[in-house]
Amino acid sequence: MRTSQLLIPTLREDPGEAETVSHRLLLRAGMIRKVAAGVYTYLPLGLRVIRKVEAIIREEMNRAGAQELLMPIASPAELWRETGRWDFYGKELFRFKDRHERDFCLGPTHEEVITDLIRREVRSYRQLPLNCYQIQTKFRDEIRPRFGLMRGREFIMKDAYSFDQDEASARLSYQKMYDAYQRIFTRCGLTFRAVEADTGLIGGTSSHEFMVLAETGEETIVYAEAGPYAANVERAEVPPPTEVSTEPTRPLRKVPTPGARTVEEVTALLKVSPQQLVKTLLYTTAQDTVAVLLRGDHEANEVKLKKLLGVTDIALADSARVTAVTGAPVGFAGPVGLAGARIVADHAIKAMRNFVVGANEVDAHYVDANWERDFTVAGFADLRNARAGDPSPQGGGLLRVARGIEVGHVFMLGIKYSQSMKATFLDPQGRETLAVMGCYGIGVGRTASAAIEQNHDAKGIIWPTPIAPFHIHLLPLSQTKPVTDTAQMLYDRLTQAGLEVLWDDRDERAGVKFNDADLIGAPFQLIIGDKGLAQGTVELKHRKSGAVSKRPPDKVLEEAHALLPQGSS
RNA sequence: CGGGGCGUAGCGCAGCCUGGUAGCGCACCUGCUUUGGGAGCAGGAUGUCGGAGGUUCAAAUCCUCUCGCCCCGACCA
17 MRTSQLLIPT LREDPGEAET VSHRLLLRAG MIRKVAAGVY TYLPLGLRVI
67 RKVEAIIREE MNRAGAQELL MPIASPAELW RETGRWDFYG KELFRFKDRH
117 ERDFCLGPTH EEVITDLIRR EVRSYRQLPL NCYQIQTKFR DEIRPRFGLM
167 RGREFIMKDA YSFDQDEASA RLSYQKMYDA YQRIFTRCGL TFRAVEADTG
217 LIGGTSSHEF MVLAETGEET IVYAEAGPYA ANVERAEVPP PTEVSTEPTR
267 PLRKVPTPGA RTVEEVTALL KVSPQQLVKT LLYTTAQDTV AVLLRGDHEA
317 NEVKLKKLLG VTDIALADSA RVTAVTGAPV GFAGPVGLAG ARIVADHAIK
367 AMRNFVVGAN EVDAHYVDAN WERDFTVAGF ADLRNARAGD PSPQGGGLLR
417 VARGIEVGHV FMLGIKYSQS MKATFLDPQG RETLAVMGCY GIGVGRTASA
467 AIEQNHDAKG IIWPTPIAPF HIHLLPLSQT KPVTDTAQML YDRLTQAGLE
517 VLWDDRDERA GVKFNDADLI GAPFQLIIGD KGLAQGTVEL KHRKSGAVSK
567 RPPDKVLEEA HALLPQGSS
């Protein structure tokens, strides 16, 4: 296609709103434009990339035995009330009413709609297993949309739903999707890792996230330095300590700690290490207040805490609540003599002796506190985030930490939705049985963004060939007849050979064309200039390496073919 | 929702504190020259200063309200 006929509004300067590389480059390369916070128009170039990613997803989903359908964006509140998610999903759900005042929402995901379909249409185990998917625009009224296509309020997602007659069969369906995801992200040219994950709002029994490794990722993952274990930090288990302190206990003493509230201030004042301090975090749940004891250098993991408490919502107590419960301002809470809250402790505490805690009194802490002797806890549990250097819970040495972008997520749902929505079928014995479900998502725009995060340089994007908007950027450097004729000839031949060619036919200076081409990021640039033609050559330049090969124009075709994967359109 | 910040030409910004003719760079239009890494010269067009109300002889500037956006924390593909 000719540049002069395409809307490719490249920007010379960085847009002020863009924070991350992918956001900045998508805007600068003229691929997306913002319509509202978290809502974007895909311009022709951006849409081509989206379509490429979608095509790869379709091929692999179909290959894995899934079938495509298309569900509506709008869905009625009744379905969501059946599963309880009309309330549970909260403000994240875009809601609206029709002219009859009936409640609707814009689908953030489609478990309800697909389960409604399947419960109506599937009667027999003979119709299972079944895996249906769609590529559809989703809506989530995110608290904070950001990073362009990375976290939008409207975004394109592939979502698949599997229905099986039993757990064993469901695990096979899950595995097929897991394998398909490996192929999809590999084909998209991404460096990624599948990690164990929390199931979040979707619910279910187990799940894996597919994480593209990138510094700008919003997720933190941990992985064994010498083994297969990898998990989201939210999920990563921390094994209980194996060595318990054998230090003789000393008597409890109260010491003044004027103005020292934070772990740093208290440890500096008392000249102890954070490992000798126990911090007391107060959380409020719908019912009560819970005190969480953590070693001074550890971080609370709220996902684990929610699971332990069996609640869906917790929040750090506000200062009024802290004062009411402890009798002291924030910064001096401690377990000794604490009456107004249940006390739970991370199991690292179990290994500690003679530690520092808050005294529930302004400007005072206890030193040489010991659990059991000075206070009792309701229980010990894994309540902290894993971190680099912790032992891997499943062997393979110590854990390392990396940042990741979640591009895909596979869930074993079990019977959560089939139960609440009564999706049943008759098994071979004629018994009414609940379908066992799985669901599987891929963020399409996020995948494209992640590809940019991993494949760019100071000049612009360097698309992995399978998802590049064009294979070759044809750059005639002047408007002379030999150059134009050669460009036309090469454009025709390459296009006929099945390659996707973007022909920069604008009357622009060479530098402008080079810079735009580098920004847009086609894997190859074919440069045609008067100088080269005088010597009978054109140049094929590899965007990634910068390598240039000079060839006579009629030799370009075979070289281009060798360089680009067959059938990669 | 809490905290911080920004809305001035298509884009990036200055002007605001201390009220008085709305500016700069890039982009855009015309002409000439130029032409292998974002050209030069000359000329030109472009603004309800986010919106509403108020104070004032006078408001981009001060006050009030409002809308939008960005950044930092709790959600997720």
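For this note's numbering, add 16 to where a residue sits in the first sequence, where the first one is 1. In this text, a Cβ means the ideal position worked out from N, Cα and C, and glycines have one as well.
Here DSSP, grouped into helix, strand and coil, assigns M505 to helix. Per DSSP, the beta-bridge partners of S565 are L556. Here DSSP, grouped into helix, strand and coil, assigns S434 to helix. Membership of N531 in the alpha helix (DSSP H) is indicated by the continuous run A526 to I536.
In the three-state reduction of the DSSP assignment, Y299 falls in the strand class, which pools E and B. Residue pairing by DSSP places S178 opposite N147 and G454 in a beta bridge. DSSP places G548 in no beta strand (DSSP E) but in the uninterrupted alpha helix (DSSP H) bounded by D546 to A550.
Distances from the CA of L285 to each of P274, Q291 and P409 were compared; the closest alpha carbon is that of P274. For V271, same chain residues with a beta-carbon under 8 Å away, outside a window of 5 residues either side, are L286, A380, H381, Y382 and V383 in chain order. Contact between the region 447 to 465 and the region 426 to 438 is present, with at least three C-beta pairs closer than 8 Å.
Take the alpha-carbon of T339 and the one of G356: they are about 11 Å apart. L542 sits close to L506, with the two beta carbons spaced by under 8 Å.
Selection E448, A242 and R97 evaluated against P407 yields A242 as nearest (Cα-Cα). From the listed residues R311, R160 and D390, the smallest Cα separation to R269 is found for D390. Rounded to the nearest angstrom, the Cβ distance from E469 to A230 is 4 Å, consistent with a contact under 8 Å. Rounded to whole angstroms, P31 and L42 show a C-alpha spacing of 10 Å.
When the Cα atoms are used, N386 and P351 turn out to be separated by approximately 10 Å.
Following the DSSP letters along the chain, one finds Y194 inside the alpha helix (DSSP H) bounded by residues E183 to R203. Cα atoms of S289 and A186: separation of roughly 49 Å, rounded to the nearest angstrom.
DSSP places E128 inside the alpha helix (DSSP H), whose first and last residues are E127 to E137. Separation of G164 and T283 (C-alpha to C-alpha, rounded to the nearest whole angstrom) is 42 Å. Relative to V308, the option among V279, A349 and E281 whose CA is nearest is A349. Proximity of the region 493 to 509 to the region 64 to 73 falls short of the contact definition, fewer than three beta-carbon pairs being nearer than 8 Å. Beyond the five residues adjoining it in sequence on each side, Q495 comes within less than 7 Å, by CB distance, of D523 in the same chain, given in chain order. Of the residues assessed, R40 falls on the buried side of the cut-off, its CB having 16 or more other CB atoms within 10 angstroms. Going by C-alpha positions, V211 is about 14 Å away from F201. Closest in C-alpha terms to K320, from the list A252, L580 and G343, comes A252.
Judged by DSSP in its simplified three-state form, W102 adopts helix.
Sequence-distant Cβ neighbours of P409 in its own chain, meaning closer than 6 Å and more than five residues away, are E253 and P255.
Burial of N401 is indicated by the presence of at least 16 other C-beta atoms within 10 angstroms of its C-beta. Look at the beta carbons and you see the region 73 to 82 not touching the region 43 to 56: under three pairs across the two are nearer than 8 Å. Counting C-beta atoms within 10 angstroms of its own C-beta, K113 has fewer than 16 neighbours from the protein chains shown and is therefore classed as exposed. For D473, the pairing in a beta bridge is given by DSSP as G476. Taking 8 Å as the upper bound for CB-CB distance, Q292 and F371 are in contact here, some 5 Å apart. Around the beta carbon of G123, 16 or more other beta carbons sit within 10 angstroms, so the residue counts as buried. The residues L310, L399 and R400, in chain order, have a CB closer than 6 Å to that of D362 in the same chain once the five nearest residues on each side in sequence are set aside.
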